[in-house]
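The working numbering puts the first residue of the sequence shown at 1377, with every later residue one more than the last. All residues carry an ideal CB built from backbone N, CA and C; glycine is no exception. Remember, predicted model here, so these are calculated numbers, not experimental data. One structure is given here, and the rest of the page talks about it.
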Amino acid sequence: MRTAEGQCRWHAAPIGQVFELLDTGPEGLSSGEARIRLERHGLNRLPQPRRRGPLARFLAQFSNLLIQVLLAAAVITGLLGHWADTLVIGGVVLLNAVIGFVQEGKAENALQAIRNMLSPQAAAFRDGHVTTLPAEELVPGDVVQLQAGDKVPADLRLFRAKGLSIQESVLTGESVPVAKGSLAVTADAPLGDRSALAYSGTLVTSGQGFGVVAATGAETEIGRISGMLAEVDSLTTPLLRQMEVFARWLTGVVLAVAALLFGFGMLVRDFDAAEAFMTVVGIAVAAIPEGLPAILTVTLAIGVQGMARRNAIIRRLPAVETLGSVSVICSDKTGTLTRNEMTARAVMTPAETFAVAGTGYDPHGDFEREGEAVEPGAQPFLMEVLRAGVLCNDAGVRQDDGGNWQVGGDPMEGALLVLGRKAGIDQDDLKGRLPRTDEIPFESEHRFMATLHHDHEGNATAFLKGAPEQVLEMCQWQGSREEGAPLDREYWRQGIEELARGGMRVLAIAAKPLPKHAQELTFGAAEEGLTLLGLVGLQDPPREEAVEAVAECQAAGIRVKMITGDHASTARAIAGQLAVHNSGDVLTGADLERLSDAELFERVADTDVYARTTPENKLRLVETLQRHGLTVAMTGDGVNDAPALKRADIGIAMGRKGTEAAKEAAEMVLADDNFASISRAVRAGRTVYDNLKKAIAFLLPVNGGESLSIVGALLIGLTLPITPLQILWVNMVSSVALAMALAFEPAEPGVMKRPPRPAKEPLLSGFLLWRVVFVSTLFFTAILGIFAWSVEHGSTLEEARTYSVNTLVLLEVLYLFSIRYLHAPALSRSGIRITRAAGISVLVVVLLQLIFTYAPFMEAFFETRPIDFLHGAEILGIGVLFFGLLEVEKRVRRRTGWGIR
Ligand code: ATP
């Protein structure tokens, strides 16, 4: 079916011809045939966007201004004949590039692996059954089912479509969805008008449809233009960008200060140009935190990987940081806070209410009326409700190999099938007698679903189930299909309220006879003159872990709001079981529509339960909460949730129950749909942010202290207490190794006991600035102190410098211990239990430092001297004093509550 130009013309061919050409039919392929075709056509995968090659990634390491300054220094020291310096600076730059290259490579791979966790699924017919399979395995000839929210998995020629609309903006740029049908169009119709085709990568916005796969992978329309789509997420977040700006700014300042000091050295201290320049190089090297960019990237990547292991898959990296500042979580109820394992517990007919026993999906359990078991078959009204519930249903139940009953499809519909089975109704048998001819699928906008059935005499009946208030409005009669009595609204209202108050989800079930010739079910026919058969009350208990997670979030200063499509009373009851709401107030979608913006602004702060909401309500809620200055996380699963998910600071889509449309719009996807995973992700987000902050709070003062001691020496007129070469050694070897360990730090105790970080908190907060100044001063005092003291007491210049370097490194190690906990005391039981990463880095640093100090070849290169016992003890003494001061500062901060974030 290709023209001379290779263009597919599936849209112009009648469906019979399409099936013939693809050697298939409406019932799809057998698995054997699919396997053979898969060999021939390959996986249904788009060509991967080209990733940067290794050379480009390596060279990118040098695009950093900090590194370029160092390179310039290396060249100039070379010109001045200071070869040792050139070599070490060159080595440092190279080492930095290699570390950056390797770690970023790992980070990119980790992200790629996480992205692969999100590979889409497709519902295809194999061996005559609808099977969910990875979209990658689709082959031409497969028959695929489409539903609202799906991402079309391959190019499909549609042969059945019911209210099907598809948004094709990835292909056409047009964001208004287009209606699709099954009829062929003219061969020259442009892409956007080929209504019988559904294109891979586009999104189904409403309706249902069936199509046969015409092209897969690179053969699809999108595959052909995928070169245009080759976008790779960059490894960056707002914090990292802020850091980049900061680094540039810092480099400017360092260069300016260096220039001033160059002048000062030459004019005031009478240095010659070369000597002055070497001092200035020392300062530049000391002040620039070379390793910082690589460390931040690694911290982020480790955080994202950890979250993925705990079922929170990050789709956009900045979300990791935002998670740490979340102050409200708006969560769906069903499946996220509750288990979404439904059991029908009560059935209400026009005359009476029956209680239903049994557990889970096991189809055994008695029907009781006022405590007495009854034979359901003898209750015609009851049987009518149950039969309608089984017919107006898309789910299936079956027993697995272990004898457990499993539901395929919507758990609530599964519960209705189980309910039917408890009364001896077999789904297949009933469907055989009353085959379905048409349907109106469930959508959360209209909150009902209806099906049309014909018996063998050709009599037509519509069955409908849905949210009870809605259905009540559509009904005129009650009773059975044959003998209806006028509807007693009050009776049913009370019934709904009673069941809902018990925390049950309530469904109303209705029916309507239609004329024999009716082959299509329209909204008009379904929406009026119905007979209400009865109500079913379904129980869906809260997840135990969700109860704990809600409490944890509340302790962390995060408000949890439940936003559900369910009935207000059900929502209130479940919220009570989860301890969600404080005020007890429930706002419904209708209330929300009535309230003005100003009124809603007032109410939203302390109303935590929202019922019978629509996706538009969700969007408005997000916006209103954001006007309160809150950072909002919002969950969603449906196609229409996309705007609210996009608008929220963190959109969270459900991995299992969620549509592809919701996942595309979300920043994060929950692999297990579980609320507890959100609170774990927030915890992880706070930890990552803490660790980023710790890496910064570690490196900046170390560099600050080093540069201060050189600048100080120069100003006072002392010789340099540490040579530029020695500083490079410290920066590259110990600083980077130690700071890298911070990326692996677990959450601090109490991380979920403090309030969320304000979203607009600047990176260099007052706290961080204070830390840089305070610790830099301590470093400076210690380094210069031991240097001046030992020179005074007879040590040679080389010896005094060795003491200074070793003091610096010891203080760094101790500072690492102290900063592992920004707030909690370091000398606690958990505080001294360091991570493996920290243990290894400390060990490596100590070993290298011993080599640095005692190995003869190091002595030649770095001009070091061995340290005797007395001076060793002195250095240790300084360390103890330093550590003590750090802990005292922490205690004062804790007392005053300053900087606790
Ligand atoms: P949440 O938003 O917390 O996930 P929800 O699942 O109740 O709640 P919706 O899926 O929008 O939200 O459902 C809203 C209402 O529509 C339900 O309370 C129920 O009364 C009705 N309903 C849900 N699914 C079906 C269905 N398959 N057939 C008929 N009615 C349904």
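Under the three-state reduction of DSSP, which class applies to SER1439: helix, strand or coil?
helix
Which residues in the same chain have their Cβ closer than 8 Å to the Cβ of PHE2155, if we skip the five residues on either side of it in sequence?
PRO2077, VAL2078, GLY2080, GLY2081, GLU2082, LEU2084, SER2085, LEU2184 and LEU2187
Spell out the partners DSSP gives VAL2310 in its beta bridges.
It is not possible to answer for residue 2310, since the shown part of the chain is limited to 1377 through 2277.
Just tell me which of ALA2041, LEU1540 and GLY1577 has its CA closest to the CA of THR1548.
GLY1577
In whole angstroms, what is the alpha-carbon distance linking LEU1532 and PRO1423?
19 Å
Label ALA2057 either buried or exposed according to how many other C-beta atoms from any shown protein chain fall within 10 Å of its C-beta, with 16 as the threshold for buried.
buried
Does the separation of the CB atoms of HIS2004 and ALA1981 fall below 8 Å?
yes
Can you grab the Cα-Cα spacing for the pair PHE1730 / GLY1913, in whole Å?
10 Å
Neighbourhood of ILE1678 by C-beta distance below 7 Å, restricted to the same chain and skipping five residues each side:
ALA2119 and PHE2120
Determine the contact status of GLY2283 and PRO1669, defining contact as a CB-CB distance below 8 Å.
No answer is possible for residue 2283: it lies beyond the span of the chain, which begins at 1377 and ends at 2277.
Mind checking whether the beta-carbon of ASP1942 lies closer than 7 Å to any heavy atom of the ligand ATP?
yes
When you compare only the Cα positions, how much space is there between GLU1815 and ALA1591?
29 Å
The ligand ATP heavy atoms versus the CB of MET1493: any closer than 7 Å?
no
In chain order, which beta strand (DSSP E) runs of at least 3 residues are fully inside the region 2016 to 2078?
2026 to 2030 and 2044 to 2046
Quick one: is TYR1986 buried, meaning 16 or more other Cβ sit within 10 Å of its Cβ, or exposed?
buried
Extract the residue ranges of the beta strand (DSSP E) inside the region 1857 to 1929, only unbroken runs of 3 or more that lie entirely within it.
1860 to 1862, 1881 to 1890 and 1906 to 1915
By alpha-carbon positions, which one of LEU1699, ALA1684, TYR1867 and ALA2164 ends up nearest to ASN1725?
Residue identity differs from the one stated: residue 1725 is Thr in this sequence, not Asn. Closest option to THR1725, Cα to Cα, is TYR1867.
Keeping to the same chain, check which residues put their C-beta closer than 7 Å to that of MET2128; ignore five residues upstream and five downstream.
GLU1928, ALA1931, ALA1932 and ARG2059
Per-residue burial, GLU1597 [other beta carbons within 10 Å of its own, 16 or more giving buried]
buried
Does the ligand ATP have even one heavy atom less than 7 Å from the beta-carbon of SER1820?
yes
Would you kindly work out how many angstroms separate the C-alpha atoms of HIS1387 and GLU2040, rounded to a whole number?
27 Å
Give the DSSP bridge partners of SER1541, in chain order.
ALA1555 and SER1582
Per DSSP, which one or two residues make a beta bridge with VAL1783?
VAL1773
In three-state DSSP terms, what is HIS1829?
strand
Would LEU1795 and GLY1765 be called neighbours here (beta carbons separated by less than 8 Å)?
yes
Over the uninterrupted beta strand (DSSP E) stretch that includes LEU1963, give me the two end residues.
1962 to 1964
C-alpha gap between SER2166 and LEU2223, whole angstroms
24 Å
Return the chain-ordered list of same chain residues with a C-beta closer than 7 Å to the C-beta of PRO1752, the five sequence neighbours on each side being excluded.
PHE1743, LEU1758, MET1759 and ALA1799
Taking 7 Å as the cut-off, is the C-beta of GLU1789 nearer than that to any heavy atom in the ligand ATP?
yes
Which class does ILE1939 belong to by DSSP, given the choice of helix, strand or coil?
strand
So does the region 1969 to 1980 actually touch the region 2015 to 2023, counting three or more Cβ pairs closer than 8 Å?
no
Does DSSP put ASP1814 in a helix, a strand or coil?
strand
Contact set for ALA1555: own chain, Cβ-Cβ below 6 Å, skip 5 residues either direction
SER1541
C-beta atoms of VAL1956 and GLY1525 nearer than 8 Å
no
Quick one: what does DSSP say LEU1971 is sitting in, helix, strand or coil?
coil
Measure the alpha-carbon distance for GLN1870 versus ASP1831 and round it to whole angstroms.
35 Å
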